[in-house]
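Chemist:
There are 4 protein chains.
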Amino acid sequence: MLGGNNVIYFHNDYAEGCHESILKRLSQTNLEQTPGYGTDPYCAAAAGRIRELCRDDSLSVHFLVGGTQTNMTVIAAALRPHQGVVCAGTGHIHVHETGAIEATGHKVLALSSQDGKITVEQVRNLVDEHRVSEAMEHTVQPKMVYISNPTELGTIYSRKELEALSAYCRSNELYLFLDGARLGYGLEAADNDLTLPELARLCDVFYIGGTKQGALFGEAVVFSNSVLAEDFRYMIKQRGGMLAKGRLLGLQFDTLLRDNLYFQLARQANQKADQIRKVLSELGYSLYVPGSTNQIFAIIPDRVLDELAKNFTFSLECRIDEEHRAVRFCTSWATKQENVDALCDALREITKKQKDS
Amino acid sequence: MLGGNNVIYFHNDYAEGCHESILKRLSQTNLEQTPGYGTDPYCAAAAGRIRELCRDDSLSVHFLVGGTQTNMTVIAAALRPHQGVVCAGTGHIHVHETGAIEATGHKVLALSSQDGKITVEQVRNLVDEHRVSEAMEHTVQPKMVYISNPTELGTIYSRKELEALSAYCRSNELYLFLDGARLGYGLEAADNDLTLPELARLCDVFYIGGTKQGALFGEAVVFSNSVLAEDFRYMIKQRGGMLAKGRLLGLQFDTLLRDNLYFQLARQANQKADQIRKVLSELGYSLYVPGSTNQIFAIIPDRVLDELAKNFTFSLECRIDEEHRAVRFCTSWATKQENVDALCDALREITKKQKDS
Amino acid sequence: MLGGNNVIYFHNDYAEGCHESILKRLSQTNLEQTPGYGTDPYCAAAAGRIRELCRDDSLSVHFLVGGTQTNMTVIAAALRPHQGVVCAGTGHIHVHETGAIEATGHKVLALSSQDGKITVEQVRNLVDEHRVSEAMEHTVQPKMVYISNPTELGTIYSRKELEALSAYCRSNELYLFLDGARLGYGLEAADNDLTLPELARLCDVFYIGGTKQGALFGEAVVFSNSVLAEDFRYMIKQRGGMLAKGRLLGLQFDTLLRDNLYFQLARQANQKADQIRKVLSELGYSLYVPGSTNQIFAIIPDRVLDELAKNFTFSLECRIDEEHRAVRFCTSWATKQENVDALCDALREITKKQKDS
Amino acid sequence: MLGGNNVIYFHNDYAEGCHESILKRLSQTNLEQTPGYGTDPYCAAAAGRIRELCRDDSLSVHFLVGGTQTNMTVIAAALRPHQGVVCAGTGHIHVHETGAIEATGHKVLALSSQDGKITVEQVRNLVDEHRVSEAMEHTVQPKMVYISNPTELGTIYSRKELEALSAYCRSNELYLFLDGARLGYGLEAADNDLTLPELARLCDVFYIGGTKQGALFGEAVVFSNSVLAEDFRYMIKQRGGMLAKGRLLGLQFDTLLRDNLYFQLARQANQKADQIRKVLSELGYSLYVPGSTNQIFAIIPDRVLDELAKNFTFSLECRIDEEHRAVRFCTSWATKQENVDALCDALREITKKQKDS
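Protein chains in written order, with numbering that gives the first Met the number 0: chain W, 0 to 356; chain R, 0 to 356; chain S, 0 to 356; chain Y, 0 to 356.
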């Protein structure tokens, strides 16, 4: 993060607390006595709502606190010791989880990716290499494909792409796991053509992220493959993810998903991101990766960034050349319109000043 | 748990939400933007307050969400692969964490215990057996002693006992780790003679439990042994315990520990437990384990329990004989006086009715 | 081990090299070129011979180098992360493998045992406790039963006992795994009523030990449960047990099992052990554990042992009282008759001298 | 492997048994009784000889059975859970050990490499990226550098290169671990300028491979960094690598290293490889990777390979284009001169025939 005090944060989508309706309901229900560990009525209601939204009564739904915890628990639950998980080189499990997957004993098999996505061809090549080997048991057995939607670079999978991955996985005995830490932003993207029921059907397991989308914390794991769901509560407990006051998770998801607040908040964040993308385009800056969700990856001169950093935070993606860096701006459910306007104004002014100088 | 709807819960100390001052402060600060992962001012303030309470500026303090998560992360951070952790057979890590410690690769070396505590003599015997062996590398190397205070059976260690364990550990290159999931209840017990600064000094690492003592969730890990603290943030992240909005943890501990609310809530819970213990004694029921904290373990006839269960929940500890069970009642920071009175009245009435019949 | 130079070893059954027929055949075949990793004709022949001896053509047979390696590989292959393995407190996996099982992530659930064996009742009680719990996912899920035959205390399971364990396991979805590091000594014990085909049918997986029975090294793992055998070669490789020159294992087992040399050597060792047991009995010494295999556990006065240790090695089992210890003498396939006679003579002489003094 | 019956094997360097002097000595010492687990006089003698060859009396030496076992045991012993090991993308631990390193909980951080070697610059860049990150605890901490010498592609590190890697590692708190599965072939390469004492001094830990260099099996691990050697016997036992009859390992290394037989055998194998390389060059075939050790990587037309495969085995490295593959031929301590001549003749004949057709 670049930035300091009294600055406006655009460097991530978890800088604030939660939507006010959650706090209100926490207060209203605070002294109710409920059973622990996710066996309470709030979790039941939220799980029911998710099954309803996915139009599948058979889904198994569980609530965990955070993304790394969810990824490692799902993957450790699904794989046998000699099996590995395939993902993009930019995949969260590969580069931002301190080896959490490997700490559960499994190799991450990374595929190179420019936009955060992976293709069926890439997966097929990797699987073929591992399976046709003359001594295939000397290599890890690929068994799960992990994708993020939106990806870590803010891009989304089309329905066609997800269908292709799903079909390949099913005909090759691989599980398809979709990390939906920012799922709402993806489903509400202007160019998205994938629905939640389709997504649930195409994946073996996925999750609906709360932490970055209006909740204090929380990820809702959804299994459509019942084999993977077996004994999952044991796994949650063993991996430290079973919240004593599990109702906190149920209550948050129930609040966000009831009346589709979750999707509405995501849509608003995307629109604010679109406004920023539009200004960047007007000013002649290229995007590092094109996108339509709440993350904006742009290539901007150092001189502009240095000036901008006095009043705004953003995160550094990578250096492009001696004078340019790629940076990320995030909007979120909590981003204020006045702050978006302030960022756009600042970008215009600084750019103009730089050009004039 | 025995019980149902419309009953009063005494079966654990995490059935409600949190102290109202936490909810109030969450609301007040909700839209503040802060850095993530525990690097915010609230965590800094809470850590400072803990160092102040422990009278040791050098302590390293970290905040995690739950107890199992904390236990597994601390133990995995401290031990090399061939080392094990010694604890009571009733120890939470041995019997209630779905093998979370073993899942990090370490054996739990259990010592039998009637009251949840272990003695220096027991530890010494175990260590001696493992070290004098003619082929000691064929056995796990004991390297850490894990104790809970209060224990899982509600008992507490005296200062003398803790000093003895600490002295043995230090002269034998063992780490001493104290699970303080209910630490406040222990420190505020009428017969406790141990202070928090003493405890911090005698242990290598311990934690101050929030989940069962007024917080929505949270455990504050305190390292006095700086070797164990090294790179601990990596371990938190890897084990899935690093909360994105880490300030939620800092804010809760800061709120509870400021003005000593934490200790005051614990004292009140203990007093309510004392009231129940007094009634049990009057009615001639023995305690399964004597205690002075918020957990009450009593031996009660099945006929009384069956009647009681219609209006109250409690947890089953074990069967004593064909007509008696040992059960646990918990009070907590949230227990209402009217509910304690109701339980006491019910115990008196049902007992009287049973005797009369 | 007690003992020193120029002494006769009775403290274990792996002090010598291997049966001469193995060395001879190693020399004869030394410069043959074969494929590696157990895909050679010797392994195929040995596996075929084992299927023949077990009278089951469907068995999956694999060869590993040592016992700890075999135990950890089989258990890690069979269990999901939240599952544990039940065994006697004396079980090799519990006390003599430096936490190898826990290092694969699994808890060992130990049952107390005087003679090294466990009963169906013990297993049932443990399973019932873990399954009926109100929150069973807070405990490890028992999924495999590990027994040794002969046990670490030299005792053997009767056919009836093994049938009972097997029936319980199959009707309760538990795997039965038999550690046969000394299997030949067990099958050839005078009081044994179990055949190898029966044993193969009753267990899901077991192994035929070579290291302690005439081979330089090697354990032959036999799966009758094909689910457990799936992808086992991956597991062998991952756990470091896949020998490059795998033919060394196949050749040894083929040599030992052809013409039943393996069983003949075991029978001879048992007979030598019987001779020692008879002398101990004549001299009035009790056995620590009665037995009929190649391990003798006897309670002998310290004064006798101190004298005996000048010329013989044996291993210390435990202290019985201030004047007695339980010690173990082992015979093996390599034990010379003259050494057995020498030990018997020494026991007689020293005992007489002590009594006279 | 391409090939079949009655063919001559060039596809690896472990197709035969062992040097005849080992078999002879195994026979001579077969019925000696020795203590187990590597505490015997043969292991002591071999360790002494290794210290002598390395000119360092302080080295800690241990014997294990195989390479994957050695790699995983050394790495698991050295690293804390959040630490990873850096290696070439072709590194044995990355691509040929079924995720054995990950199964011990550690991430392998792979660097791209054309010739199997990695440079200080590559390691520095990777370490810098991991350390300067704004949230470095979200990534694995690089702590060990793993190299193979010779590499998996038959190349060797010069003294200057190894000195540079060693200096970087030491000034940046990284361990340097050298996999010497084929160490002799490397040290005896015509263009090698590195001595064993230098290598021992520059690495924290390395091993001297036996399996591919004249032994039946066995790798001798040598620690010059005493911190890494601490409690290593526990680690060997826990990971299943402690051979009961450990003397088999000591005896083999003592036999091979006494009078430098080990090095002489390697030199002969290299010379035979040179003869093949010379013929390939004469015939106009390029090497896939240039080299001077016992592995030859050559690019050869499919039509030639198909013909060659009728009488010789070799291993497929990769496809180069539609008409060419890169293949590996290995010589070894056991390669017969007549077979080398036969291979060279066949290459000449087939090539000529193809050109003529």
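Beta carbons: idealized from backbone N, C-alpha and C, even for Gly. As the structure is a prediction and not an experimental result, all values here were calculated from the model.
#1: If we define contact as Cβ-Cβ less than 8 Å, is PRO289(W) a contact residue for chain S?
#2: Less than 8 Å between the C-beta atoms of THR210(S) and ALA243(Y), yes or no?
#3: If I measure Cβ to Cβ from ILE319(W) and keep anything under 8 Å in the same chain, skipping five residues before and after, which residues do I get?
#4: What is the DSSP secondary structure of GLY2(W), reduced to helix, strand or coil?
#5: Using a C-beta to C-beta distance shorter than 7 Å, which residues of chain R count as neighbours of ALA75(Y)?
#6: Put LYS357(W) into one of helix, strand or coil per three-state DSSP.
#7: When the Cα atoms are used, what is the spatial distance from GLU187(S) to GLN68(Y)?
#8: Report yes if the C-beta distance between VAL60(S) and VAL84(S) is below 8 Å; otherwise report no.
#9: Output the boundary residues of the alpha helix (DSSP H) element that contains LEU315(S).
#10: Name the DSSP bridge partner or partners of PRO141(S)?
#11: Name the residues in the region 28 to 52 of chain R whose C-beta lies less than 9 Å from a C-beta of chain W; which are they?
#12: Within 10 Å of its beta-carbon, does GLN344(Y) have 16 or more other beta-carbons around it, so buried, or fewer, so exposed?
#13: Quick one: which chain S residues come within Cβ less than 8 Å of ASP230(W)?
#14: Closest to LEU161(W) by C-alpha separation, out of PHE328(W), ASP203(W), ALA134(W) and ASN5(W), would be which residue?
#15: Whole beta strand (DSSP E) runs in the region 1 to 75 of chain R with 3 or more residues, listed along the chain?
#16: Can you find a CB in chain S that lies within less than 8 Å of the CB of GLU357(R)?
#17: Could one say the Cβ of GLU187(R) lies closer than 8 Å to chain S's Cβ atoms, at least one of them?
#18: Does the region 143 to 161 of chain Y come close enough to the region 175 to 190 of chain Y to have 3 or more Cβ pairs within less than 8 Å?
#19: So which residues on chain Y does GLN237(R) lean against when the C-beta distance must stay under 7 Å?
#20: Is the beta carbon of VAL139(Y) less than 8 Å from the beta carbon of TYR167(Y)?
#21: Taking Cβ positions only, does GLU218(W) come closer than 8 Å to chain R?
#22: Helix, strand or coil for SER112(S), going by three-state DSSP, please let me know.
#23: Can you confirm whether LEU242(Y), when its beta carbon is compared against all beta carbons of chain S, has any partner nearer than 8 Å?
#24: Per DSSP, what are the beta-bridge partners of ASP340(Y) in this structure?
#25: If GLU218(R) sits next to TYR233(R), beta carbons under 8 Å apart, how far is it from one beta carbon to the other, in whole angstroms?
#26: Which same chain residues end up closer than 7 Å to VAL278(Y) when comparing Cβ atoms and leaving out the 5 residues on each side of it in sequence?
#27: In its own chain, which residues sit with a C-beta less than 7 Å from the C-beta of ALA77(R), not counting the 5 before and 5 after it?
#28: At the 8 Å Cβ level, is GLY90(Y) part of the contact set with chain W, yes or no?
#29: If I follow the unbroken beta strand (DSSP E) through TYR233(S), where does it start and stop?
#30: What span of residues does the beta strand (DSSP E) with LEU282(R) cover, start to end?
#31: Would you kindly report the start and end of the unbroken beta strand (DSSP E) that includes GLY183(R)?
#32: Span of the alpha helix (DSSP H) holding CYS168(Y)?
#33: In this structure, how does DSSP classify SER356(S) when only helix, strand and coil are distinguished?
#34: Within this structure, are the beta carbons of GLY249(W) and ASP55(W) separated by less than 8 Å?
#35: Contact between the region 20 to 30 of chain Y and the region 181 to 201 of chain S is defined here as three or more beta-carbon pairs at a separation below 8 Å; is this criterion met?
Modeler: Taking the definition as stated:
#1: Mapped onto the first sequence, residue 289(W) falls at position 290. No, because no Cβ of chain S sits closer than 8 Å to the Cβ of PRO289(W).
#2: Taking the first residue of the third sequence as 1, we reach residue 210(S) at position 211. Taking the first residue of the fourth sequence as 1, we reach residue 243(Y) at position 244. It is a contact, given that the beta carbons lie within the stated cut-off.
#3: Taking the first residue of the first sequence as 1, we reach residue 319(W) at position 320. If we look at ILE319(W) and ignore the five residues flanking it on each side, its Cβ neighbours are TYR287, ILE298 and ALA325.
#4: Residue numbering aside, residue 2(W) sits at position 3 when the first sequence is read from its first letter. Because GLY2(W) carries a pLDDT of 42, less than 50, the predicted location of this residue cannot be relied on, and no value is offered for it.
#5: In the fourth sequence, residue 75(Y) corresponds to position 76, counting from 1. By Cβ distance, chain R contributes PRO80.
#6: Here chain W has residues from 0 to 356 only, and residue 357(W) is not among them.
#7: By 1-based counting over the third sequence, the position of residue 187(S) is 188. By 1-based counting over the fourth sequence, the position of residue 68(Y) is 69. Those two C-alpha atoms are separated by around 34 Å.
#8: Stepping through the third sequence from its first residue, residue 60(S) is reached at position 61. Stepping through the third sequence from its first residue, residue 84(S) is reached at position 85. Contact flag unset, no.
#9: By one-based count along the third sequence, residue 315(S) stands at place 316. No alpha helix (DSSP H) contains LEU315(S), which is instead part of the beta strand (DSSP E) from 314 to 320.
#10: As a first step, residue 141(S) is located in the third sequence; it is residue number 142 there, counting from the start. Answer by DSSP bridge pairing, in chain order: GLY83(S).
#11: THR28, ASN29, LEU30, GLU31, GLN32, THR33, PRO34 and GLY35
#12: If you number the fourth sequence from 1, residue 344(Y) lands on position 345. Note that residue 344(Y) is Asp in the sequence shown, not Gln. Exposed.
#13: One-based indexing of the first sequence puts residue 230(W) at position 231. Neighbours of ASP230(W) on chain S, chain order: ARG79, HIS81, GLU136 and GLN140.
#14: Residue 161(W) sits at position 162 when you count from the first residue of the first sequence. Nearest C-alpha to LEU161(W): ASP203(W).
#15: Those beta strand (DSSP E) runs which fall completely within the region 1 to 75 of chain R and span 3+ residues are 59 to 63.
#16: It is not possible to answer for residue 357(R), since the shown part of chain R is limited to 0 through 356.
#17: By one-based count along the second sequence, residue 187(R) stands at place 188. No, because no Cβ of chain S sits closer than 8 Å to the Cβ of GLU187(R).
#18: yes
#19: As a position in the second sequence, residue 237(R) is number 238, starting the count at 1. Simply PRO80 and HIS81.
#20: Position 140 of the fourth sequence, counted from the first residue, corresponds to residue 139(Y). Position 168 of the fourth sequence, counted from the first residue, corresponds to residue 167(Y). Going by C-beta atoms, VAL139(Y) is not nearer than 8 Å to TYR167(Y).
#21: Translated into positions along the first sequence, residue 218(W) becomes position 219. Closer than 8 Å: no.
#22: If you number the third sequence from 1, residue 112(S) lands on position 113. Reduced to three states, the DSSP call for SER112(S) is coil.
#23: Here the question's residue 242(Y) lines up with position 243 in the fourth sequence. By this cut-off, LEU242(Y) is an interface position.
#24: Mapped onto the fourth sequence, residue 340(Y) falls at position 341. DSSP lists no beta-bridge partner residue for ASP340(Y).
#25: To locate residue 218(R), count along the second sequence from 1; it is residue 219. To locate residue 233(R), count along the second sequence from 1; it is residue 234. So it is not a contact: roughly 18 Å between Cβ atoms.
#26: As a first step, residue 278(Y) is located in the fourth sequence; it is residue number 279 there, counting from the start. CYS343, LEU346 and ARG347, listed in sequence order.
#27: Here the question's residue 77(R) lines up with position 78 in the second sequence. Same-chain partners within the cutoff: MET143, TYR174 and LEU227.
#28: Translated into positions along the fourth sequence, residue 90(Y) becomes position 91. Not one chain W Cβ lies under 8 Å of GLY90(Y).
#29: Here residue 233(S) is taken as the residue at index 234 of the third sequence, counted from 1. TYR233(S) -> not in any beta strand (DSSP E); alpha helix (DSSP H) instead, spanning 231 to 237.
#30: Translated into the one-based positions of the second sequence, residue 282(R) becomes position 283. Note, LEU282(R): premise wrong, no beta strand (DSSP E); not H, not E.
#31: Counting from 1 along the second sequence, the entry for residue 183(R) is found at position 184. Counting along the chain, GLY183(R) falls outside any beta strand (DSSP E), though it belongs to the alpha helix (DSSP H) covering 182 to 186.
#32: Position 169 of the fourth sequence, counted from the first residue, corresponds to residue 168(Y). Segment 158 to 170, the alpha helix (DSSP H) holding CYS168(Y).
#33: Translated into the one-based positions of the third sequence, residue 356(S) becomes position 357. DSSP places SER356(S) in coil when its eight states are reduced to three.
#34: For the purposes of this step, residue 249(W) is taken as residue 250 along the first sequence, with counting starting at 1. For the purposes of this step, residue 55(W) is taken as residue 56 along the first sequence, with counting starting at 1. Cβ atoms of GLY249(W) and ASP55(W): not closer than 8 Å.
#35: no
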